[in-house]
Every structure is written in C-alpha cells, then in structure tokens.
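Residue numbers (the working numbering), protein chains in the order written: chain A, 100 to 419; chain B, 15 to 305.
By construction, the Cβ of each residue, glycine as well, lies at the ideal position given by its N, Cα and C atoms.
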Amino acid sequence: MISRLVDDKSRAAIAASIERRRVDARGLLFKVVLQSCLLITLALLAVLLVTVALDSTDQLGTRLWDFLQGTLRSRSSDESLGIHQGMYGSLWIAIIVAVLAFPIGIGAAVYLEEYAPRNRLTAFIEVNIRNLAGVPSVVYGLLGLALLLNGQIFGLDRLTGGSSALSGGITLAILVLPIVIITSGEAFRAVPMELREGAYGVGATRWEMIRTQVLPYAAPGILTGTLLSMARAIGEAAPLILVGAVTGRLGDSPGLFDVGALDDRFTALPIIITSWTAQSGRDVGFAAAAAAAIVVLLVFVLMMNSAAILLRNRFEKKRG
Amino acid sequence: MSMTDEAPRLIERPLAAGGASPEQETPAPATERDVVFESRDVNVYYGIFRAVRDVTFTVPKNEIMALIGPSGCGKSTVLRCYNRMNDLIKDARVTGSITYRGTDLYDERVDPVEVRRRIGMVFQKPNPFPKSIYDNVSYGPRVAGQKKGLDDIVERSLRKAALWDEVSDRLKDSALSLSGGQQQRLCIARAIAVDPDVLLMDEPCSALDPIATARIEDLMQEIKQDYTIMIVTHNMQQAARVSDTTAFLTADIHSENDTRTGILVEVDTTQKMFSNPSDERTENYVTGRFG
C-alpha cells in the first residue's frame, strides 16, 4: 500500500508555494536588449547587401560576362569596362598570401608554443607579435614600399618588378603573418594536456607528438585563423595603394592564370572599388560599377569561406 | 647462501616446515628478489617549492605496488618521476636517485623517450587519441618505427587488456565512441602494445564506475605476471585488493604559506600495512580516521 503522505490541504499549500507568482521583468528586458543587438547587426548587414545588390544590377544584370572580362576604363559607359584585372590581382594576392604567410606563420607558432622556452624574451616576442597584429595596414604598405619597390634593402625590387601583384601579395602576407601566428598559437594551446601526455607516455618524441596529436587537433582552429587572415588580405586597399596598385588606366589584362604577369603593373578588387566610388561624383555610372565589383569581391570571399568551413568540418569529424 | 641460514631453523621445527615453506616464499625481503626500481632520497621541486621530500623505497619485479595517501600528498608527482613524465612540467626538478634495473633514470645519458617505451603509463582520466581503436593501440609501435605485424600487436594487446571481444568487429571506429571503462582498458592496451617492462597507473579507476573498476582490477592481477605495476590510488580498498606492497604518503602542511610537501610515511607488504602498520599515521589513515 502506498500512502500519499500528504493530505489534500497541505498539498494545496505546497502547490501554491511553488507556483510562479511574478514575471521576471529584468530577465525579460535583458533578453530583449540582447535580441536587439543581434537585430541591429543583421539589419545593417541586410541594408548593405540589398543596396549593393540593387545598385549592381546595372552592370551584373545586363552585361555580367562583359563586366567580368572587361578592364579599367575612364568612362563608366565604356563597353569594355570591367574588373578582370582586379580579379587577376586579388586572386594572385590570395595565392601568394596562402603560400607565404600560412606556412611561415604556422611554423613560427609551432616553435613559439611547443619548442621555445618560456622566458622574458619569448614573452616579449609574443607581446610584440600581438602589437604587430594591431598596426594600421598603411604602415605595412610603407614597409612594402621600402622593401619591395624602392629596393632599399637586399635589392628585392628587381625580383618583384616594383609595383606588381607579387609586391602586393608579399606586403599583404607580411600584414597577416602576426594574425596567423596568434590564431595558430591559440589553437595549439587548446590541445588537451592529456593527449600530449598520452603520446609521450608510449614513447613518442616531441616531433612525433606534435605531428600526430597537436597538428591534427589544432587543424580546425588554424583553419579558422587562416580564413580570417585571408579575408583581411583580400579586403585591404590601403597597403596596395602604397605599393602602387593602378587606379586609373592599366594596359595589359593577363589571363587569370598567367603567371608571367605577376611582376607587371597590377590592380586589385578593393582598389577598383575605391577608385570607382571616388569617380562616381563626376560620372555617376561608376557607382553601379563599384557596387558590382563589391558583389564579385563578396562572392570571392564567400567561396573561400565555404571551402574553409567544409575543410574544417572534415578535420573536426576526424577529431571526433 | 640463504639456505645455510635457514636450514638449522627448519631442523629445529620440522613440523612447521612443510606447511610454512610456501608461505615463506611470498614475504621474502625485497632485496633478495629482482628489484625494478630503487629510489633513494627523492625530492621533487616545482621551482623553489618542494613538492615531495626524501622518498626512499624499492619496487620488486612482477609485483603491484600501491601508493596511497590523502589528496595533495604528492602520490602522482612521485609516480611521474619513474618515467620522466615530470620533465614535461616547466621548472620541475628531481633530486636524489631513482634507478631502474640498476641504471640511474636521471643520468644525463638517459633518453626520456626510451624510458617511456619501457615504463608505460595509464592516466587518471581515460585519454584515448581522437583516432580509431586500431590506431590508438598501434600508435606506440608505430612511433617506435614498426610497420609490420601491427595487426598482431593490436589483437594481442586488446586481448591482454580484456577488450578484444568487445571491439574486434569495430577496430576502425573512433576510440571516443567507447564507454569510459572501455576507453581506460583501451589506454591499457595502448600502453602494453609497446611491450613495456613496467606500467605506471595514476588513479586509473577514479573516473570509472564500480563494475568497470572491478574489470580493471582483475586485469591488473592477470597482467602482473608479465609486468611490474605501480599504481596511485586514493581508494584504500583498491590498494588492499590489488597490491602486494603499499607505500603510504602524507602531506606536511606548512602553515606559514599554506603549501604542502609530500612525505613518505611507511612502506611494507600490503597485508601488514592494512592490518598492523608500524606508524600511527598509517593506522589512522587506513582505518579512516583521517584523510
């Protein structure tokens, strides 16, 4: 026999005492404030995307292929106006950044996190890498100018051909290097001590432990970091202006994979966007062209992000 | 040579000889058997802080030695001296001497990587690699450069660790899909896959339920014929159940700066430690009066 232990009267009293009595006004307010923060962000983004997309229809809606094939022109009504040269520049800048900044940055991070002793010197170096990540991009443009164009050091200008996609790519690779080092370093730091000990415990050397545990575990985090830095590099205009990206007239229009043109005069999508927007005052058609270039740049970044996210998911699945 | 010492006594009490001789084999003093580890005045420092003071004891071959003691008494710190795991901790320093089969483990010519291949370790929290079951077990032999015969090693190790029957049809599955107890047995399989001489176990059952714990304890009894085992445990019943010898450590609390230094109180056969310890502190601890 199970007795209920409580009579009806006291049960009613207990039920009443645990009933919800008041509305949690502050909690509700807090939630609404947080929701509005998100909404403001989304609204701003939506306005940006919608206006750009609407403005771009003049070019992308009517002459998409011509626009992608065309070149820099002085009048917006020119039939061969387009962004092909900018796409060439941005694509190769992205490739050069990936080839230079990623291996060097990840390598430096591995050394700093896994090999370097923890002392004042390495602490000093680490702080300064963080500072470098915050240095305005124009300053990196000046560095590129001195190092790669003016030939003040090592005579590197002969290699890069002065103002060229190669110079722009190297400059931006230097720009994102600190970001790659910091984000990779954080990914290495997040590798659980248990995994390291497990590997050491069965007789792995430091290098074997890093190769088989640290790098695979940190891969998704590294990928996120490289993705962020790549997006940064692709969007930068200021340093490219300093290394002499062309804003006005550019003669040649090399094929997308024409490596021979890497040391020629160049331009890039952010430069074109800046330049056309500046010109839209005297020639209003350039506003639509700039919007169209923005859409192309966004699609470019979106494609890169998707590729990186797919890769990251694969790494994460492996990690379990 | 010990026969000459023993013989007269056996003659004096011939009646006891037949029944007592198998008994006398077991509690023979450690010095007369193979000694795997011998530590003398071991101190462990983290920076200037002394974590463990003057630990001296020997570990005989094919025995299970338990290190017991209250939290913060340095049991794990002591255990980690035996395969140079403390090397991984910045500022950690070991003084005194620990010999492994006669060789000083802290001699500068000794390679800690080689030490860890012979003296394997099982950790407190099961720490399988985020790889397949097969890759976990074959990891050690592989980093040692072995490429052939991995299938055999994986099967043999998993059988020894009493896990083969549960995973033989899914060796390619992620090790993280196993239960906690299975993961810990996998870690034991991973440790014995490199065919070590000694297994160090750092509270291997503290994250497991009683059934999984019992399996691991049974397993320790089975594999002790092949290995020498040192186990850290905060579970006194476990030490009493599985070990042959027990070392009791306690913490010396420095009230002026609230730090603790682990000290060795007593080492003896487990039977004696739990029935008739020489030191009052041991007695208080094993009877549950403190700690």
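Assigned exposure category for B:ASN100 - 16 Cβ within 10 Å defines buried | With 16 or more other Cβ atoms within 10 Å, it is buried.
Three-state secondary structure assigned by DSSP to A:VAL146 = helix
Using DSSP with H/G/I as helix, E/B as strand and the rest coil, what is A:THR282?
-> helix
So is B:ARG199 in contact with chain A if we call contact Cβ pairs under 8 Å?
-> no
Who are the near neighbours of A:ARG411 in its chain, counting only those whose CB is closer than 6 Å to its CB and skipping five residues on each side?
-> Hits under 6 Å: PRO319 and LEU322.
The ligand MG heavy atoms versus the CB of A:GLY181: any closer than 7 Å?
-> For the ligand MG, the structure offers nothing, since it holds no ligand at all.
Outcome for B:ARG266 when other beta-carbon atoms lying within 10 angstroms are tallied against a minimum of 16 = Correcting the residue type first, residue 266 of chain B is Asp in the shown sequence and not Arg. Exposed, because fewer than 16 other Cβ atoms sit within 10 Å of the Cβ of B:ASP266.
With a threshold of 16 other CB atoms inside 10 Å of the CB of B:SER292, please say whether the residue is buried or exposed.
-> Exposed: under 16 other Cβ atoms inside 10 Å.
Compute the beta-carbon to beta-carbon distance between A:LEU167 and A:ILE182, rounded to the nearest angstrom, for a pair I have assumed lies under 8 Å.
-> 7 Å
Could you give the residue range of the beta strand (DSSP E) that holds A:LEU190?
-> Where A:LEU190 is concerned, there is no enclosing beta strand (DSSP E), although the alpha helix (DSSP H) it sits in stretches over 183-209.
Note down, in chain order, every chain A residue with its Cβ under 9 Å from the Cβ of B:MET99.
-> GLU296, TYR299 and GLY300
Where does A:ARG110 land, buried or exposed, given buried means 16+ other C-beta within 10 angstroms?
-> A:ARG110 should be labelled exposed.
Count the other CB atoms within 10 Å of the CB of A:ALA114; is the residue buried (16 or more) or exposed (fewer)?
-> exposed
Give a yes or no on whether 8 Å exceeds the smallest Cβ distance from A:VAL316 to chain B.
-> For clarity, residue 316 of chain A is Tyr in the given sequence; the question names Val instead. It does; some Cβ of chain B falls within 8 Å.
Beta-carbon contacts of A:TRP191 that lie in its chain and below 7 Å, excluding the five residues immediately before and after = ALA264, GLY268 and LEU361
With distances taken Cα to Cα, identify the nearest neighbour of A:GLU212 among A:VAL313, A:VAL151, A:ARG172 and A:GLY250.
-> A:VAL313
Buried or exposed: which applies to A:LEU138, given that a residue is buried once 16 or more other Cβ atoms fall within 10 Å of its Cβ?
-> Exposed.
Out of B:ASP209, B:ASP48 and B:VAL108, point me to the one whose CA is closest to B:GLU77's CA.
-> B:ASP48
Note down, in chain order, each residue of its chain lying with its Cβ closer than 8 Å to the Cβ of A:GLY324, except the 5 sequence neighbours on either side.
-> ILE278, VAL279, ILE281, THR282, SER283, GLU285 and ALA286.
Cβ atoms of A:SER379 and A:THR346: under 8 Å apart, would you say?
-> no
In three-state DSSP terms, what is A:TYR214?
-> helix
Look at the Cβ atom of B:THR242, then the Cβ atom of B:VAL73, and state whether they are nearer than 8 Å.
-> yes
Which residues bound the beta strand (DSSP E) around A:SER173?
-> Neither: A:SER173 is in no beta strand (DSSP E) and is coded neither H nor E.
Can a CB atom of chain B be found closer than 8 Å to the CB of A:GLU178?
-> Not a single CB atom of chain B sits nearer than 8 Å to the CB of A:GLU178.
Helix, strand or coil for B:ALA80 per DSSP?
-> strand
Thinking C-beta only, is B:ASP216 closer than 8 Å to B:VAL256?
-> no
Per-residue DSSP class, three states only, for B:VAL124 = Coil.
What does B:THR72 pair with, by DSSP beta-bridge criteria?
-> B:THR72 is bridged by DSSP to B:GLU52.
Are B:LEU172 and B:ALA203 close, meaning C-beta to C-beta below 8 Å?
-> yes
Indicate whether at least one CB of chain B lies closer than 8 Å to the CB of A:ARG217.
-> yes
According to DSSP, is B:ASP179 helix, strand or coil?
-> helix
Per DSSP, what kind of secondary structure is A:PHE223 in: helix, strand or coil?
-> helix
Could you say which of A:SER405, A:ARG348 and A:ALA337 lies nearest to A:GLY240 if we only look at CA atoms?
-> A:ALA337
Beta carbon proximity, A:ALA303 to chain B, threshold 8 Å | Taking Cβ atoms only, chain B reaches closer than 8 Å to A:ALA303, which makes this a yes.
For chain A, is any of its Cβ atoms less than 8 Å away from the one on B:ALA44?
-> Unreliable positioning characterises B:ALA44 in this predicted model, as indicated by a pLDDT of 46, which lies under 50. The coordinate reading is nonetheless provided below. No, B:ALA44 lies away from the interface with chain A (no Cβ there is under 8 Å from its Cβ).
What's the C-alpha gap between A:LEU104 and A:GLU118?
-> Looking at the two C-alpha atoms, the distance is approximately 21 Å.
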